[in-house]
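For reference, the structure discussed in these notes is given below.
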Amino acid sequence: MTVTIKNSATVGELIQAVAARLDNADLFYGHGTDNPVDESAALVFHVCGLDHHQAAVAYRQPVAVEQLERVDALLTQRVESRKPLAFLLGEAWFAGLPFNVDERVLVPRSPIAELIVNRFEPWLDAQNVSRILEIGTGSGCIAIACAYAFPQAEVIATDISAEALAVARSNVRRHELAARVRLVHTDHADGVAGEFDLIVSNPPYVPAAERDELPREYGFEPALGLFSGADGLDSARRILQDAPQLLSDHGALVLEVGAQWEALEHAFPTLPFTWLELESGGEGIAFIAKADIHVR
Ligand SMILES: C[S@@+](CC[C@H](N)C(=O)[O-])C[C@H]1O[C@@H](n2cnc3c(N)ncnc32)[C@H](O)[C@@H]1O
1 MTVTIKNSAT VGELIQAVAA RLDNADLFYG HGTDNPVDES AALVFHVCGL DHHQAAVAYR
61 QPVAVEQLER VDALLTQRVE SRKPLAFLLG EAWFAGLPFN VDERVLVPRS PIAELIVNRF
121 EPWLDAQNVS RILEIGTGSG CIAIACAYAF PQAEVIATDI SAEALAVARS NVRRHELAAR
181 VRLVHTDHAD GVAGEFDLIV SNPPYVPAAE RDELPREYGF EPALGLFSGA DGLDSARRIL
241 QDAPQLLSDH GALVLEVGAQ WEALEHAFPT LPFTWLELES GGEGIAFIAK ADIHVR
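Per the numbering used here, numbering of the sequence shown is gapless, rising by one per residue and ending at 296.
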């Protein structure tokens with residue numbers, strides 16, 4: 001796989017050429033970007049060390065020969081292996097922040113990012129948020145982005161995977177947030193004490209039957225991050241059961257279940273979930289206040 005492009009190309013021209021090659025390959029997008037152009041831009045910007053906030057200027061810059069060769073090598077790997085680009089780069093962006101990633105964690109892509117950046121308004125009063133619990137933190141992206149969005153808050157983030165927590169730890173260090181983000185190795189929130197104003201979770205929720213139908217890209221991610229019982233809702237059920245004991249009186253749960261949202265409604269017909277609408281797309285994120293969570 002060679003990118004057909006002259007050595008004096010600009011960043012913009014290289015992005016176009018790479019996007020065309022990606023478009024011709026039988027790839028799945030959905031691990032951080034959702035189309036060939038955005039994936040190409042992520043690859044080229046990463047290799048060239050460019051800032052996404054300076055995109056207009058960056059597009060006119062020339063690309064060095066070594067950068068062109070590096071882009072070409074990564075493009076070949078992406079197309080031949082089908083490994084998600086974020087794993088090839090060792091980095092993913094979430095809520096405008098960079099995170100270390102590898103095959104021990106899910107590639108950060110939750111639509112919850114948009115809610116975090118907006119400090120969960122109008123659903124939460126940010127003034128009232130001083131303790132946040134994230135269940136199933138993976139790379140730590142949600143917990144860390146929450147710590148940025150709520151600079152006064154303490155964040156506790158759990159995961160059952162020690163491997164994932166090692167990646168999360170590297171990200172807590174990278175963002176110098178060890179004083180406010182505590183990582184706990186446990187099953188859901190077992191042993192976690194105290195009350196929280198917000199519980200946020202993007203648990204595994206892919207139904208077992210869909211395992212063999214997933215695009216090859218998903219095979220590079222840990223099964224623990226994807227699957228949770230026959231209907232995909234084992235983890236969500238557990239979180240709903242535990243939440244009332246963990247939330248403060250004005251607290252609320254934000255729970256992502258993606259395409260399983262109708263199944264969750266059927267499983268808990270008396271719970272008044274609010275399904276949040278997002279400008280950047282995505283579905284299946286429920287908001288529910290503590291006062292409304294009655295689970296037997
Ligand atoms: C869908 S991933 C989400 C990761 C990260 N929060 C994100 O949004 O990118 C789900 C995470 O939950 C963790 N997990 C699965 N079962 C768990 C359990 N019983 N207790 C705690 N964490 C669990 C997985 O290891 C994985 O890191």
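The C-beta atom is built at its ideal place from N, Cα and C for all residues, glycine as well.
Unbroken alpha helix (DSSP H) run spanning residue i, endpoints
| i | result |
| --- | --- |
| Asn24 | Val11 to Asn24 |
| Ser354 | The first residue shown for the chain is 1 and the last is 296, placing residue 354 beyond what the model contains. |
| Ser161 | Element bounds for Ser161: n/a, residue is neither H nor E. |
| Ala73 | Val65 to Ser81 |
| Leu264 | Trp261 to Ala267 |
Cβ-based burial, residue i [other Cβ within 10 Å; buried from 16]
| i | result |
| --- | --- |
| Val257 | buried |
| Asp72 | buried |
| Val57 | exposed |
| Asn202 | buried |
| Asp242 | buried |
| Asn171 | buried |
| Val65 | exposed |
| Arg211 | exposed |
| Glu39 | buried |
| Glu221 | buried |
| Ser81 | exposed |
| Arg21 | buried |
| Pro122 | exposed |
| Ser324 | The structure shown does not extend to residue 324, since the chain is modelled only from 1 to 296, so the question has no answer here. |
| Ser228 | buried |
| Gln152 | exposed |
| Pro269 | exposed |
| Gln54 | exposed |
| Ala41 | buried |
7 Å Cβ cutoff met for residue i and residue j
| i | j | result |
| --- | --- | --- |
| Asp292 | Ser248 | no |
| Gly32 | Ala86 | yes |
| Val155 | Ile132 | yes |
| Val101 | Ala92 | yes |
| Ala149 | Leu97 | no |
| Gln61 | Val11 | yes |
| Gln16 | Val47 | no |
| Val295 | Leu240 | yes |
| Asn237 | His188 | In the sequence as presented, Asn is not what sits at residue 237; that position holds Arg. Contact flag unset, no. |
| Pro204 | Gly219 | no |
| His217 | Pro108 | Sequence inspection shows Glu at residue 217; the His mentioned does not correspond to that position. Not closer than 7 Å, so no. |
| Val254 | Val181 | no |
| Leu74 | Leu50 | no |
| Ala25 | Val37 | no |
| Val308 | Ala147 | Past the boundaries of the shown model lies residue 308; the chain is included only from 1 to 296, so the question cannot be answered. |
| Ala209 | His185 | no |
Close-in-space but distant-in-sequence residues of the same chain around residue i (CB under 8 Å, 5 per side omitted)
| i | result |
| --- | --- |
| Asp169 | In the sequence on display, residue 169 carries Arg and not Asp. Cβ neighbours of Arg169 beyond the five flanking positions: Gly140 and Leu183. |
| Leu278 | Pro111, Glu114, Leu115 and Ile285 |
| Gln245 | none |
| Phe99 | Glu91, Ala92, Trp93, Pro108, Ser139, Gly140, Cys141, Ile144, Asn171 and Arg174 |
| Ala178 | Val172 |
| Arg70 | Val47 |
| Asn35 | Tyr29 |
Residue i - containing beta strand (DSSP E), residue span
| i | result |
| --- | --- |
| Ala58 | Run containing Ala58: none in the beta strand (DSSP E); it sits in the alpha helix (DSSP H), Ala55 to Ala58. |
| Phe87 | Premise fails: Phe87 lies in the alpha helix (DSSP H), Leu85 to Leu89, not in any beta strand (DSSP E). |
| Glu283 | Careful: Glu283 lies outside any beta strand (DSSP E) and carries neither H nor E. |
| Ile132 | Arg131 to Ile135 |
Other residues of its chain near residue i: CB distance less than 7 Å, five sequence neighbours each side excluded
| i | result |
| --- | --- |
| His52 | Phe45 |
| Leu124 | Leu198 and Ala252 |
| Gly194 | Arg131 |
| Asn128 | Asp197 and His250 |
| Leu88 | Leu74, Gln77 and Arg78 |
Contacts around residue i, its chain only, beta-carbon distance under 6 Å, and the 5 residues preceding and following it disregarded
| i | result |
| --- | --- |
| Thr137 | Ala143, Ala157, Asp159 and Ala168 |
| Val105 | Gly138, Ser139, Ala164 and Val167 |
| Leu276 | Ile285 and Phe287 |
| Leu27 | none |
| Pro207 | Asp231 and Gly232 |
| Pro272 | Asp292 |
| Arg119 | Ala126 and Ala149 |
| Ser280 | Glu114 |
Exercise for the section: Write down every uninterrupted run of the alpha helix (DSSP H) in the region 94-125 whose length is 4 residues or greater and which is fully enclosed by it, in chain order. Expected result: With a minimum length of 4 residues, the unbroken runs of alpha helix (DSSP H) contained wholly in the region 94-125 fall at 112-117.
Problem - Whole alpha helix (DSSP H) elements within the region 144-204, 4-residue minimum - result: 162-174
Problem - Every unbroken beta strand (DSSP E) within the region 211-251, with a cutoff of 3 residues, ordered by chain - result: Counting only runs of 3 or more, we get nothing.
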